[in-house]
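The sequence shown runs -34 to -1, 1 to 530 under mature numbering (1 follows the signal peptide of the UniProt record, and there is no 0).
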Amino acid sequence: MGNCWRCSPLASKIRRDAFAIQFFCLILIQASLADEAGRLHEFSRSRMEMQHDRIDNKMLTSWSMDHPIYVGPQDGLKKVDKISELPGQPGKAVFDQYAGYVTVDATSGKALFYYFAEAAEEPSTKPLVLWLNGGWSGCREAAWSHMERREQRKVSGKEKGKEETFKMRTGRERGDIVGSPEVTHRDGVGIRKNYLKISGPGCSSLGGAMLEIGPFFVNRDNKTLSRNKYAWNNVANMLFLESPAGVGFSYSNRTSDYNNTGDRSTTADAYTFLINWLERFPEYKGHSFFITGESYGGHYIPQLANTILSNNKIMNITMINLKGIAIGNAYLNDDTNTRATIDYYWTHAMISKETHKAVQENCSFNGTYTGLCRTAIEAANNEKGLIDQSNIYASFCWDASAPRQHHASVTNTDPCASYYMRSYLNRQEVQRAFHANTTGLKQPWLDCSHIISPENWKDAQVSMLPSIQQLISSGIRTWLYSGDIDAVCPVTSTLYSLDILGLQINSPWRAWYSDDGEVGGYVVEYKGLVFATVRGAGHMVPTYQPQRALTLFSSFLQGKMPPE
């Protein structure tokens, strides 16, 4: 029966649609993956059309000169935000936790949600670190949901003409394909529209806390938590921000804000959040401040850092003691990311020599994609097959309710972890404990937003390298790191970006070691910048290699090269 279905016209159409989606994703979205990991057609196309010389760091911070920064009353709100205990928490925490909303625009009623985990020991002596997730393309999930794997495909009702209803899967940053709303597709048009809705910037930093570096992970029962012994609040005070409004629990009472967001407004709101948050937690004003994150954080973080530097010169605004930034698998440059992804496929035996050569001969990777180039990239995308690009060796989450099985992966990571997290964070008692969803949001909490409309994403720069260069020139500690089994924003992309920067090498390439004595990756020190790889890590480095990520993070905070 199964073989007959595979041979049917419907199955053939589904396979063609899946490959078409992959081609569409790679051409138009590799240039804007995030989180890290893509965003929609118009978003990506507008980025490709922009010229590198349009980047102007003054433009990125000039908003603060034209508009007063909103600072609201914060008295008593810290006490209100304190979390007594999270549902299912394993015993009493040895550190304080806070969560709640900070208003960044009183006129529109725009409020950003945060979660703050103080350092487990001596928080008064530890730095303050902001973590920002980015986003990642939904191409793989959309393609998989259209394949003939019947245990993952839900077709409801009888076929009427060419209309079918599929269960689409999301979970973009983690890579699982479980649990999301139904959408209807007609003549293949809906496939493209749904893809556009589930890709691009707009993933939750609360997801980063619960899946990567926070103090707790959600267990398989979706109700209890376990302690993350490699949590980054072992060495720092960790602040997680859901940004922009429309991501996670963050919201605006003016729905038009969701259709008019972008790099600049996200930066402005994040800066306003920090100013207000520091008024709520004034004891942290003098602490060393670092910004970390991943994926499309390659846009968020440099722009926010430059905004802080610019506004620190204004005497009547709270000074933020910015010391450094660190970005994992950063999306920094449109053209290098697209070219680097194809090269990564080739060097990892995912595509043929002939196809790689065809891409090299027909693609200039300068923002113009000819028909021959698109055909070559489509061939590459088809050859690599349907894999999890955020970890090319990872398995998919086929059944989150089944007992945990051994998965075909070089990492011991549960591919269903984001499903547990989503289930946990959508429980009412959990939201009450987090002081979240106090206005009765219509949409459920998702690790990546379906509200933010990527085609309306504004002012995304073609390259963030000039912003990185400005931070280096300003003496800001700048680290980039890459998990070496990520094909979304692969290590090759960062290396190509470093070639463009042309920085002087101070300490040559060498291996670095994690606390277990294993090679954690490789590192090179440039003048003003450190680049490190993390061996065996995917797009979300701490998810796949938590111990190595903590070792690297600790070195970054200390301003020391990773251990030899």
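Note that beta-carbon positions come from the ideal geometry of N, C-alpha and C, so glycine has one too.
Find the nearest neighbour of residue i within the set the options, judged by alpha-carbon distance.
i: Val37; options: Gly406, Asn299 and Tyr237; result: Tyr237
i: Asn303; options: Asp452, His416 and Gly174; result: Asp452
i: Glu249; options: Ser356, Thr91, Tyr196 and Asn226; result: Thr91
i: Ala342; options: Leu191, Lys319 and Leu352; result: Lys319
i: Ala59; options: Thr73, Asp41, Glu84 and Thr69; result: Glu84
i: Gln524; options: Val68, Pro93 and Glu88; result: Pro93
i: Ser356; options: Thr334, Pro528, Thr379 and Leu298; result: Thr379
i: Ser192; options: Pro56, Lys493, Tyr80 and Glu484; result: Pro56
i: Leu270; options: Ile257, Ser261, Gly173 and Ser440; result: Ile257
i: Ile267; options: Lys350, Leu446, Glu395 and Glu349; result: Leu446
i: Val489; options: Glu260, Arg514 and Trp97; result: Arg514
i: Leu338; options: Asp71, Glu327 and Met430; result: Glu327
i: Leu96; options: Arg230, Gly212, Leu43 and Glu260; result: Glu260
i: Thr460; options: Glu395, Gln470, Arg305 and Glu484; result: Arg305
i: Trp475; options: Cys455, His505, Met527 and Met506; result: Met527
i: Val428; options: Val46, Asn225 and Asp300; result: Asp300
i: Gly54; options: Pro420, Gly468, Leu43 and Gln397; result: Gln397
i: Val68; options: Ala86, Ile49 and Lys44; result: Lys44
i: Ser473; options: His253, Gly494 and Asn200; result: Gly494
Between the alpha carbons of residue i and residue j, how many angstroms are there, rounded?
i: Asp465; j: Gly449; result: 19 Å
i: Gly101; j: Tyr64; result: 24 Å
i: Gly502; j: Ser480; result: 12 Å
i: Trp198; j: Ala324; result: 44 Å
i: Thr307; j: Ala498; result: 18 Å
i: Phe183; j: Tyr196; result: 11 Å
i: Ala360; j: His416; result: 25 Å
i: Leu205; j: Gly66; result: 12 Å
i: residue 547; j: Gly228; result: The question about residue 547 has no answer here: the residues shown for the chain are numbered -34 through 530.
i: Arg222; j: Phe61; result: Note on identity: in this sequence residue 222 is Ser, with Arg being the wrong assignment. Between Ser222 and Phe61, the C-alpha separation is close to 39 Å.
i: Pro181; j: Leu172; result: 11 Å
i: Cys414; j: Asp309; result: 28 Å
i: Gln40; j: Val457; result: 42 Å
i: Tyr311; j: Tyr297; result: 17 Å
i: Val70; j: Tyr80; result: 12 Å
i: Glu491; j: Gln511; result: 22 Å
i: Trp478; j: Gly174; result: 25 Å
i: Phe(-16); j: Ser463; result: Unreliable placement is indicated for Phe(-16), whose pLDDT of 45 sits below 50; no coordinate value is reported for it.
i: Asn185; j: Tyr386; result: 7 Å
i: Ser384; j: Pro508; result: 14 Å
i: Val149; j: Glu51; result: Residue placement at Val149 is flagged as unreliable, the pLDDT there being 27, under the threshold of 50; the coordinate-derived value follows with that caveat. Rounded to whole angstroms, Val149 to Glu51 spans 37 Å at the Cα level.
i: Asp354; j: Ile283; result: 45 Å
i: Asn272; j: Met281; result: 17 Å
i: Gln(-13); j: Ile317; result: Low local confidence applies: a pLDDT of 45 at Gln(-13) is under 50, so the model's placement there is unreliable, with the coordinate-based value given in what follows. Taking the straight line from one Cα to the other gives about 14 Å.
Can you name the start and end residues of the alpha helix (DSSP H) that residue i belongs to?
i: Glu395; result: Gln394 to Ala399
i: Thr273; result: Gly263 to Asn277
i: Arg230; result: Asp229 to Arg246
i: Arg305; result: Asp300 to Thr313
i: Ile438; result: Leu431 to Ser439
i: Lys44; result: Leu43 to Asp47
i: Leu461; result: Val457 to Leu467
i: Met387; result: Ala383 to Leu391
i: Pro508; result: Val507 to Tyr510
i: Val325; result: Lys319 to Asn328
For the beta strand (DSSP E) that contains residue i, what are its first and last residues?
i: Glu491; result: Val485 to Tyr492
i: Tyr64; result: Gln63 to Asp71
i: Val496; result: Leu495 to Val500
i: Val95; result: Leu94 to Leu98
Rounded to the nearest angstrom, how far is the Cβ of residue i from that of residue j, given a contact under 8 Å?
i: Leu487; j: Val496; result: Per the sequence shown, the amino acid found at residue 487 is Gly instead of Leu. That belief does not hold up - the Cβ atoms of Gly487 and Val496 are roughly 12 Å apart, past 8 Å.
i: Gly263; j: Asn99; result: 7 Å
i: Ile286; j: Leu240; result: 6 Å
i: Ser389; j: Asn226; result: Contact doesn't hold; Cβ gap of about 32 Å is too wide.
i: Val213; j: Gly168; result: 5 Å
| contact_flag[the segment 238 to 250, the segment 396 to 410] where n(CB pairs < 8 Å) is 3 or more | No contact exists between the segment 238 to 250 and the segment 396 to 410.
| request: Would you check if the segment 507 to 523 and the segment 290 to 304 touch, i.e. whether three or more CB-CB distances between them fall below 8 Å? | output: Below 8 Å, enough C-beta pairs join the segment 290 to 304 and the segment 507 to 523 to call them touching: three or more.
| task | Would you check if the segment 389 to 407 and the segment 420 to 437 touch, i.e. whether three or more CB-CB distances between them fall below 8 Å? | result | By the Cβ test, the segment 420 to 437 is not in contact with the segment 389 to 407, since fewer than three Cβ pairs between them sit closer than 8 Å.
| field | Any 3 or more C-beta pairs closer than 8 Å across the segment 66 to 84 and the segment 202 to 219 | value | Yes, the segment 66 to 84 touches the segment 202 to 219.
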